[in-house]
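**Q** Just passing along the structure, written as structure tokens.
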Amino acid sequence: MENAIDKPVNSFSIAIRGVVIVMLVAVSSEVACATLKGTPKTNAYATLLYMGTPRDYEFYIAARVMLGTLLRLEVDADLVVIASTSVPQHWQETLTDEGFKVVVVKDIQNPYHSNHNFNKRFEFTLNKIYVWSLTEYTRVVMLDVDNLFLRKPDELFQCGQFCAAFINPCIFHTGLFVLQPSSEVFSTMMHDINAKKENRDGVDQGFLVSHFTDLLDRPMFHPPVDGSRLNGLFRLSIGYQMDAAFYYLKLKWRIPCGPNSVITFPSVPMLKPWYWWSWPTLPLGLSWHEKRMETIGYESETSTLIAESLFYVVTMFLAIIIRQRYAAVEKSFTKSCFGRGLYCEKKMCHPLALKILIALLVAVSFLFPALIIPTTVHPFAGWGVFLLGSLWHLTVVINSFQLPVLPVLTPWIGGIGALSVLAWPFYSNGILRAAAIAVYTALVTPILWNAAMKVSAVVDVRTHWEPQLTWTRLNSGSGSETLMKLC
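Per our numbering, the sequence shown starts with residue 2, numbered consecutively.
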């Protein structure tokens with residue numbers, strides 16, 4: 002009996018011990034993970050965010066996409082945003098929630114803002130030197146928001162006290178550079194700014210070039226295989242700052258010097274890759290939007306696009322119904338004989354004025370939809386809503402002035418053709434692509450001119466011949482005889 006009783010007791014004791022061991026292992030694992038997550042990083046990737054430009058929101062989105070890409074690449078570094086005090090609080094909170102460290106700083110007043118040809122949108126780029134004040138880090142990679150990462154470039158943290166790449170053969174590019182934070186260097190730079198040290202462009206580029214004057218003579222950076230850090234100044238290979246312009250000649254990357262790591266877009270500001278209209282003019286825009294889909298997505302703009310699309314579809318449907326009913330009524334005696342005649346007798350439709358008005362409305366039909374589409378949506382969505390919106394506006398113009406449908410829609414159809422030629426994915430190089438665009442333009446131009454002439458002819462007929470003849474006859478002859486001739 003005692004053995005029978007002891008067996009259940011022993012089994013219960015073993016089970017309790019097992020549960021305790023499992024719990025201890027789980028707690029130890031959680032503590033280890035928490036310790037690992039809480040381990041301070043010795044390096045950082047940093048970017049700058051300030052207000053006062055025409056494109057503050059776009060830069061905010063671009064910063065989130067770039068840092069989100071680095072987060073997905075699992076870089077061994079903190080991700081830091083140096084944000085001026087004017088950056089909205091909810092933007093700062095969003096950046097923090099997404100795993101980035103926000104360092105709030107006061108804007109450095111730019112002493113060069115009164116210089117001739119100074120661009121006001123760069124007024125606070127000197128905030129970039131705050132990166133030297135991040136002395137809790139051993140190395141920092143400072144980034145502009147228009148960088149697109151293809152791989153994890155953590156080897157950059159092995160570089161020296163200052164390292165940058167030369168896109169221009171003589172002047173290094175400040176869109177990406179490596180530095181060793183230093184309070185002494187930061188103080189020296191602040192003194193140089195207050196003393197208004199010579200600066201060729203009045204922004205960060207000219208200031209840093211004047212500070213590191215001999216970087217062109219420094220050796221090329223090659224990361225040591227043992228993982229050690231270098232001392233001194235070094236040039237970075239162009240693979241760390243691949244200008245997107247290099248891609249468009251061959252429509253492929255041919256950068257044999259150094260790893261192809263980072264694409265940069267120092268192009269026309271309105272053709273930055275996050276703008277939906279930059280594609281297909283600049284094919285690499287899709288690569289940036291792929292990164293956005295992988296990181297922050299498009300939730301904030303989706304509702305706006307849906308609302309715009311529904312408005313265009315519903316109102317276009319109503320416009321078609323109204324057009325059909327008006328066409329039926331127009332066949333009646335009153336509309337054909339009196340309506341337009343009275344309208345023109347009051348000098349409300351001078352042919353030249355009417356042609357100019359129609360031309361302006363057609364132009365607005367393409368401009369207005371583009372202005373109300375959120376600027377950073379995916380190109381496919383942006384162009385889709387743009388074509389729908391411009392078609393809606395052109396439909397309104399056609400119905401309002403009773404114009405021929407096909408000639409008025411010719412620019413819209415031609416635009417679809419142009420997008421197709423630009424987006425064709427099988428060009429072997431950029432020269433063939435440019436030639437195809439030139440040929441298409443040469444073919445379409447006379448078609449557009451012919452369409453414009455047809456619209457002009459219709460306006461001439463309706464404003465000169467039909468209405469005036471109708472009203473003259475109605476005034477000069479007997480009513481019944483005139484009506485029999487005209488109707």
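Cβ coordinates follow ideal geometry from the N, Cα and C atoms, glycine included.
1. By how many angstroms is the C-alpha of I373 removed from the C-alpha of T316?
2. Please specify which runs of the alpha helix (DSSP H), each continuous and at least 4 residues long, are wholly inside the segment 193-268, giving them in chain order.
3. Under a Cβ-count criterion, where at least 16 other Cβ atoms within 10 Å of its own Cβ denotes burial, should Q159 be classed as buried or exposed?
4. Using the C-alpha atoms, what's the distance from N116 back to T396?
5. When you compare each of M454, I264, L157, S238 to Y249 by their alpha carbons, which one comes out closest?
6. Please classify V456: does DSSP put it in a helix, a strand, or coil?
7. Which whole-angstrom value is the C-beta distance of V81 and F101, which I expect to be below 8 Å?
8. May I ask you to report which of helix, strand or coil DSSP gives A78?
9. Compute the Euclidean distance between the alpha carbons of D57 and D218, then round it to the nearest angstrom.
10. Can you check whether the C-beta of M271 is within less than 8 Å of a C-beta belonging to chain C?
11. Check whether the segment 172-181 touches the segment 205-225, taking contact to mean three or more Cβ pairs, one atom from each stretch, closer than 8 Å.
12. So is L433 buried or exposed if we call it buried at 16+ other beta carbons inside 10 Å?
13. With a 10 Å radius around its C-beta and 16 neighbouring C-beta atoms as the bar for buried, classify M143 as buried or exposed.
14. Quick check: the segment 51-69 against the segment 117-125, are there 3 or more CB pairs under 8 Å?
15. For L135, name the three-state secondary structure that DSSP assigns.
16. Quick check: the Cα distance between Q93 and N148, rounded to an integer number of angstroms?
17. Where in the segment 268-315 do unbroken runs of the alpha helix (DSSP H), each at least 4 residues long, occur, reported from the N-terminal end onward?
18. Within 10 angstroms of its Cβ, does M221 collect 16 or more other Cβ (buried), or is it exposed?
19. Taking DSSP's pairing of strands, which residues face F178 in a bridge?
20. Just the Cα atoms here: how many angstroms apart are Y425 and L252?
**A** Per the coordinate set shown:
1. Taking the sequence shown and counting its residues from 1, one reaches residue 316 at position 315. Taking the sequence shown and counting its residues from 1, one reaches residue 373 at position 372. Cα-Cα distance, rounded: 17 Å.
2. Every alpha helix (DSSP H) of 4 residues or more that sits fully in the segment 193-268 is shown, in chain order, as 205-212, 246-251.
3. Locating residue 159 in the sequence shown gives position 158, counting from the first residue. Buried: at least 16 other Cβ atoms inside 10 Å.
4. The residue you call residue 396 lines up with position 395 of the sequence shown. The residue you call residue 116 lines up with position 115 of the sequence shown. Approximately 49 Å, taken between the alpha carbons.
5. Start at 1 with the first residue of the sequence shown, and residue 249 comes out as number 248. Of the candidates M454, I264, L157, S238, the residue whose Cα lies closest to the Cα of Y249 is I264.
6. On the sequence shown, residue 456 is found 455 positions in, with the first residue counted as 1. Of the three classes helix, strand and coil, the one that applies to V456 here is helix, per DSSP.
7. Counting from 1 along the sequence shown, the entry for residue 81 is found at position 80. Counting from 1 along the sequence shown, the entry for residue 101 is found at position 100. Contact between V81 and F101 holds, since their C-beta atoms are separated by about 7 Å, short of 8 Å.
8. The residue given as residue 78 occupies position 77 in the sequence shown. It is coil, neither helix nor strand.
9. Position 56 of the sequence shown holds residue 57. Position 217 of the sequence shown holds residue 218. Rounded to whole angstroms, D57 to D218 spans 37 Å at the Cα level.
10. Note that chain C does not occur in the displayed structure, where there is just one protein chain.
11. Look at the beta carbons and you see the segment 172-181 touching the segment 205-225: at least three pairs across the two are nearer than 8 Å.
12. Indexing the sequence shown from 1 puts residue 433 at position 432. The residue in question, L433, is exposed, as its Cβ has fewer than 16 Cβ neighbours within 10 Å.
13. Position 142 of the sequence shown, counted from the first residue, corresponds to residue 143. M143 comes out buried.
14. In short, these stretches touch, since the Cβ pair count reaches three.
15. Numbered from its first residue, the sequence shown carries residue 135 at position 134. Reduced to three states, the DSSP call for L135 is coil.
16. Your numbering for residue 93 matches position 92 in the sequence shown. Your numbering for residue 148 matches position 147 in the sequence shown. Distance between the alpha carbons of Q93 and N148: 21 Å.
17. For secondary structure counted as the alpha helix (DSSP H) over 4 or more consecutive residues, the segment 268-315 holds these complete runs in sequence order: 286-295.
18. One-based indexing of the sequence shown puts residue 221 at position 220. Under this definition M221 is an exposed residue.
19. Locating residue 178 in the sequence shown gives position 177, where the first residue counts as 1. BP columns for F178 point to M143, A165.
20. Against the sequence shown, residue 425 aligns to sequence position 424. Against the sequence shown, residue 252 aligns to sequence position 251. Reading the sequence as shown, one finds Trp at residue 425 and not Tyr. Their Cα atoms are separated by approximately 12 Å.
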